[in-house]
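Sequential numbering from 245 applies to the sequence shown in the working numbering.
C-beta atoms are modelled at their ideal positions from N, C-alpha and C, and glycine is treated no differently.
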Amino acid sequence: MNKDEIKQGLRTLGLKQGDIVLLHSSLASIGNVEGGAEAVVDAFLETLGTTGTLVVPVFGDLGILTVTVKGRPDAVVSDCPKGTVAAIGADAQKICADHWKADTVHGENSPYLKIAGLGGHICLLGVDQDRNTTMHSVEALLQLAYLNPVSDIVKTPEGEVQKTWKYYPGPHRDFIGLDKILRASGKMKTGKIGNAVTRLIKSQDLIEVLAGAGSLDQAFCLCDNPECADCVSQRAAIFRDAMKKEDFNLAASSALSGRYVPEIIDNLHRSGIGCVELDFIEGKPAHLMPSEKLQTAVREFAGKNISVSGLRMPGVPADMEKTLQLAKDCGIARLVLPLCADAAGLIGQAVAENIKLSFYNRGVSGEYAATIMKNLAERKISAGFTFSPAEFARCGEMPFLNTYRSGKFGKYMDQLDIEDGTFAGMPAVLARGNAEIKELVSILRCSSFSGYMTLAAGNRNHGNVAELAVEFRKLLDEI
Ligand SMILES: [Zn+2]
245 MNKDEIKQGL
255 RTLGLKQGDI
265 VLLHSSLASI
275 GNVEGGAEAV
285 VDAFLETLGT
295 TGTLVVPVFG
305 DLGILTVTVK
315 GRPDAVVSDC
325 PKGTVAAIGA
335 DAQKICADHW
345 KADTVHGENS
355 PYLKIAGLGG
365 HICLLGVDQD
375 RNTTMHSVEA
385 LLQLAYLNPV
395 SDIVKTPEGE
405 VQKTWKYYPG
415 PHRDFIGLDK
425 ILRASGKMKT
435 GKIGNAVTRL
445 IKSQDLIEVL
455 AGAGSLDQAF
465 CLCDNPECAD
475 CVSQRAAIFR
485 DAMKKEDFNL
495 AASSALSGRY
505 VPEIIDNLHR
515 SGIGCVELDF
525 IEGKPAHLMP
535 SEKLQTAVRE
545 FAGKNISVSG
555 LRMPGVPADM
565 EKTLQLAKDC
575 GIARLVLPLC
585 ADAAGLIGQA
595 VAENIKLSFY
605 NRGVSGEYAA
615 TIMKNLAERK
625 ISAGFTFSPA
635 EFARCGEMPF
645 LNTYRSGKFG
655 KYMDQLDIED
665 GTFAGMPAVL
675 ARGNAEIKEL
685 VSILRCSSFS
695 GYMTLAAGNR
705 NHGNVAELAV
715 EFRKLLDEI
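The structure is reproduced here in structure tokens:
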């Protein structure tokens with residue numbers, strides 16, 4: 245390749261005098277070039293002319309073309325230590341000015357958005373979308389939940405300034421996977437300069453197309469490799485942020501989340517869940533653990549920002565006094581236990597210890613459960629109800645259509661168990677069994693239900709907490 249052949253290739257792609265181009269490149273991928281990097285840079289500058297502008301990013305591993313542009317005497321370098329660019333041409337000053345003063349490195353008032361605003365192009369010369377810095381502009385504009393602030397020292401004419409920029413991108417993302425969306429949009433041209441596959445797209449078009457995709461799915465940039473710790477934790481941040489906007493509190497069963505406390509904590513973090521219902525730990529009922537051991541567990545959870553929604557028991561404890569003392573010693577304010585005929589007596593004991601009880605249905609009809617709860621209410625005895633739709637389905641009921649409505653459970657409920665199952669008692673994927681879980685979640689959301697929704701409370705769920713969190717998110721998205 246010589247300079248004229250490269251110029252011809254650029255013109256064929258659609259570049260002309262006066263254009264602005266942000267170039268990401270690999271000289272080696274072109275093949276042999278007469279005159280090397282200098283010839284390629286000249287080909288760009290001559291194609292764009294004196295009214296055009298060539299811009300290159302000058303951070304990270306610099307390619308030889310980038311170094312060549314930055315080294316030219318007429319190059320202007322932006323004054324931001326993050327996401328720095330160098331530019332040559334008519335709009336170089338305008339594009340580079342005051343980069344460090346922008347709120348975000350890649351967003352509003354950064355060179356990247358100025359290029360878009362001026363009608364500029366992005367050219368990927370022999371490199372893929374993984375090198376495309378304007379992807380970070382899209383992330384910053386969408387204010388994605390996994391982005392974090394970043395700080396650095398800026399050398400200004402007035403001296404050194406400590407500056408923090410918002411919405412700075414994280415580690416791994418799957419930008420390569422976004423190429424298909426850009427191809428499908430019809431806005432991106434693809435050709436070859438020598439052997440270098442070359443993509444050209446208007447910066448504004450790229451931002452609009454990908455912002456559309458990102459507004460439908462905050463995780464659109466992330467890979468779905470379950471072994472990618474970066475993307476797993478970025479997905480968790482998105483999920484945590486979405487749950488913060490809900491009125492209900494999302495919790496998960498400890499047995500679903502793991503066997504040992506550190507494993508439970510790790511899996512809850514990976515899933516973006518900040519609350520746990522203690523049912524089983526190390527395979528044993530949590531309420532039968534020695535007090536000191538359970539106290540240590542609760543402290544470990546609290547130390548890792550995980551709160552406890554309650555201590556759940558598979559049966560009514562034989563020694564209620566002892567159980568209440570255990571909860572008190574551990575700082576657990578709520579017990580979840582099966583509904584029984586002596587509910588009033590148990591509440592009487594619990595109130596004395598300042599501990600709240602919530603009763604779940606197990607092996608009882610909706611009618612029976614409603615009668616007990618109504619009777620407590622009439623006697624002004626305050627108790628919570630944990631509605632277990634899968635358990636009602638196991639009793640042959642239609643949990644939402646029939647049980648929830650006719651029992652008027654809404655006014656007692658402080659928890660909905662998030663599990664699904666068939667009438668035959670088999671566990672099922674959420675909204676694929678007979679628990680009418682989707683209907684229940686939807687109706688509770690309509691009334692700003694502020695109790696717990698607890699993943700796999702009751703523990704007959706298959707899968708693990710990460711899978712169920714994804715299922716639950718999908719269910720919420722479908723409502
Ligand atoms: Zn990844």
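Assigned secondary structure, residue i (DSSP; H/G/I helix, E/B strand, else coil)
i, result
"Phe-567", "Per the sequence shown, the amino acid found at residue 567 is Thr instead of Phe. Of the three classes helix, strand and coil, the one that applies to Thr-567 here is helix, per DSSP."
"Asp-318", "coil"
"Asp-347", "coil"
"Ala-330", "strand"
"Ile-576", "coil"
"Ala-384", "helix"
"Gln-261", "coil"
"Phe-303", "coil"
"Glu-404", "strand"
"Lys-338", "helix"
"Arg-379", "Position check: residue 379 holds Met in this sequence, whereas Arg was assumed. Looking at Met-379 - three-state DSSP - the assignment turns out to be helix."
"Ala-530", "helix"
"Ile-359", "helix"
"Pro-413", "coil"
"Ala-594", "helix"
"Arg-676", "coil"
"Val-313", "helix"
"Val-685", "helix"
"Leu-583", "coil"
"Gly-559", "coil"
"Phe-419", "helix"
"Gly-653", "The sequence as given places Phe at residue 653; Gly does not occur at that position. In this structure, Phe-653 counts as helix in the three-state DSSP scheme."
"Gly-589", "helix"
Residue i beta carbon near ligand 1 (any heavy atom closer than 7 Å)
i, result
"Cys-584", "no"
"Leu-466", "yes"
"His-416", "yes"
"Asp-474", "yes"
"Asn-469", "yes"
Pair within 8 Å by beta-carbon distance, residue i and residue j
i, j, result
"Ser-497", "Ala-701", "yes"
"Cys-340", "Thr-442", "no"
"Lys-410", "Thr-328", "no"
"His-513", "Ala-480", "yes"
"Ile-550", "Val-520", "yes"
"Ser-273", "Gly-307", "no"
"Leu-555", "Ala-587", "no"
"Phe-629", "Tyr-656", "yes"
"Met-697", "Val-709", "no"
"Asp-225", "Arg-676", "No answer is possible for residue 225: the residues shown for the chain start at 245 and end at 723."
"Leu-583", "Leu-601", "no"
"Ala-281", "Leu-254", "no"
"Leu-426", "Leu-460", "no"
"Val-284", "Leu-309", "yes"
"Asp-335", "Leu-362", "yes"
The beta strand (DSSP E) enclosing residue i, as first and last residue numbers
i, result
"His-268", "264-269"
"Leu-657", "The sequence shown places Met at residue 657, rather than the Leu named in the question. Here the beta strand (DSSP E) through Met-657 covers 657-662."
"Ser-395", "392-400"
"Arg-556", "551-556"
"Cys-367", "365-369"
"Ser-429", "From DSSP, Ser-429 is part of no beta strand (DSSP E) but of the alpha helix (DSSP H) over 423-429."
"Leu-454", "No beta strand (DSSP E) contains Leu-454, which is instead part of the alpha helix (DSSP H) from 447-460."
"Gly-435", "433-437"
"Phe-603", "600-604"
"Thr-666", "First-last for Thr-666: undefined, no H or E at that position."
"Ile-295", "Just to set this straight, residue 295 is Thr in the shown sequence, not Ile. Where Thr-295 is concerned, there is no enclosing beta strand (DSSP E), given that its DSSP letter is neither H nor E."
Unbroken alpha helix (DSSP H) run spanning residue i, endpoints
i, result
"Val-714", "709-721"
"Asp-248", "247-257"
"Met-617", "610-622"
"Val-542", "535-547"
"Tyr-648", "Per DSSP, Tyr-648 belongs to no alpha helix (DSSP H) and is neither H nor E."
"Phe-288", "280-292"
"Phe-227", "Here the chain has residues from 245 to 723 only, and residue 227 is not among them."
Distance cut-off 7 Å: residue i Cβ against heavy atoms of ligand 3
i, result
"Ala-562", "Ligands present in the displayed structure are limited to ligand 1, and ligand 3 is not among them."
*Enumerate, from N- to C-terminal direction, the unbroken alpha helix (DSSP H) stretches of 4 or more residues contained entirely within the stretch 503-528.*
505-515
*Where are the alpha helix (DSSP H) runs, 4 residues long or more, that stay fully inside the stretch 464-498, in chain order?*
473-488
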